[in-house]
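Since the structure comes first, as structure tokens, the remarks are kept for the end.
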Amino acid sequence: MSDHLFNAAEGETPLTAEEREGLIPSHVTLRRELNELEQQNILEADAWVFARKRKVFDEAFAKNLHRRMFGHVWRWAGRYRETDKNIGIEAWRIAARIPEVLADAAYWVEHTTFPPDETAVRFHHALVFIHPFANGNGRWSRLMTDVLATNLGHERFTWGRGDLRAATDVRQSYIQALHQADAFDVAPLIAFARS
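So the sequence shown is numbered by the numbering used here: it starts at 3 and just counts up by one.
Written out as structure tokens, the structure is:
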């Protein structure tokens, strides 16, 4: 991948011109600079989210987590996307679908519908399938899933133990596992999440 600021790697959500204008730091000119700023912001959000138990099935929390992960970098952080993308559901369906997913997952937990790891991974898959934000959906949905896992008394997931943005083989394994989950086979995604 080139280091051009807005070149999207395979599997990444391309930004519209208007979304690109939402970049807050004016000094950023290279993709690696953008990645570093986003990663700093994500680390701050990570420390915040695990400082105490969170209500993971609350829509306000879900949006706030995305804002905390990307709010120093993007003006649109924490707001649902308004444009259709090459992945995810139509933008107009997001506001209705997210509460449904949160309610479904809460039901799964309350009624022990699936084992804990399967519950968390199904939750992850549903969130990333919707792709509610302009960008950062995979990172956000993985962190949401980690919060759920810890709320259930389990360890965070390792997500292939690689940098999914930089390690092509790890990213491909993750994307392949997501595609298998699209076809209702979540076992590869569970295995990847704990690998």
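Cβ coordinates follow ideal geometry from the N, Cα and C atoms, glycine included.
Note that the structure is predicted; figures quoted are calculated from it, not measured.
Exposed or buried, which one is residue i when buried takes at least 16 other CB atoms within 10 Å?
{"i": "Trp-76", "result": "buried"}
{"i": "Leu-45", "result": "exposed"}
{"i": "Asn-9", "result": "exposed"}
{"i": "Met-3", "result": "Its pLDDT being 46, under 50, Met-3 is placed unreliably by the model, and the measurement read from it follows with that caveat. That one is exposed."}
{"i": "Lys-57", "result": "exposed"}
{"i": "Ala-21", "result": "Position check: residue 21 holds Glu in this sequence, whereas Ala was assumed. When all chains shown are included, Glu-21 counts as buried."}
{"i": "Gly-80", "result": "buried"}
{"i": "Asp-119", "result": "buried"}
{"i": "Thr-121", "result": "buried"}
{"i": "Glu-157", "result": "exposed"}
{"i": "Thr-147", "result": "buried"}
{"i": "Ala-19", "result": "exposed"}
Looking at residue j and residue i, is the spacing between their C-beta atoms short of 8 angstroms?
{"i": "Ile-89", "j": "Arg-99", "result": "no"}
{"i": "Leu-145", "j": "Asp-48", "result": "yes"}
{"i": "Asn-137", "j": "Thr-15", "result": "yes"}
{"i": "Gly-162", "j": "Val-149", "result": "no"}
{"i": "Gln-129", "j": "Val-111", "result": "It is worth fixing the name first, because residue 129 is Leu in this sequence and not Gln. Result no, Cβ atoms of Leu-129 and Val-111 do not sit closer than 8 angstroms."}
{"i": "Trp-50", "j": "Arg-70", "result": "yes"}
{"i": "Val-188", "j": "Arg-124", "result": "yes"}
To the nearest angstrom, how far is the alpha carbon of residue i from that of residue j?
{"i": "Ala-97", "j": "His-133", "result": "11 angstroms"}
{"i": "His-6", "j": "Glu-23", "result": "15 angstroms"}
{"i": "Pro-27", "j": "Asp-86", "result": "25 angstroms"}
{"i": "Arg-203", "j": "His-113", "result": "The first residue shown for the chain is 3 and the last is 197, placing residue 203 beyond what the model contains."}
{"i": "Asn-139", "j": "Ala-185", "result": "20 angstroms"}
{"i": "Thr-152", "j": "Lys-55", "result": "8 angstroms"}
{"i": "Arg-83", "j": "Ser-175", "result": "27 angstroms"}
Report, in whole angstroms, the separation of the C-beta atoms of residue i and residue j, which I expect to be a contact under 8 angstroms.
{"i": "Asn-37", "j": "Gly-73", "result": "16 angstroms between Cβ atoms; not a contact."}
{"i": "Ala-179", "j": "Phe-159", "result": "The Cβ separation is near 12 angstroms, so there is no contact."}
Of all the alpha helix (DSSP H) runs that stay within the bounds of the segment 58–87, which reach a length of 4 or more residues? Listed in chain order, the complete alpha helix (DSSP H) runs (minimum 4 residues) inside the segment 58–87 are 61–72.
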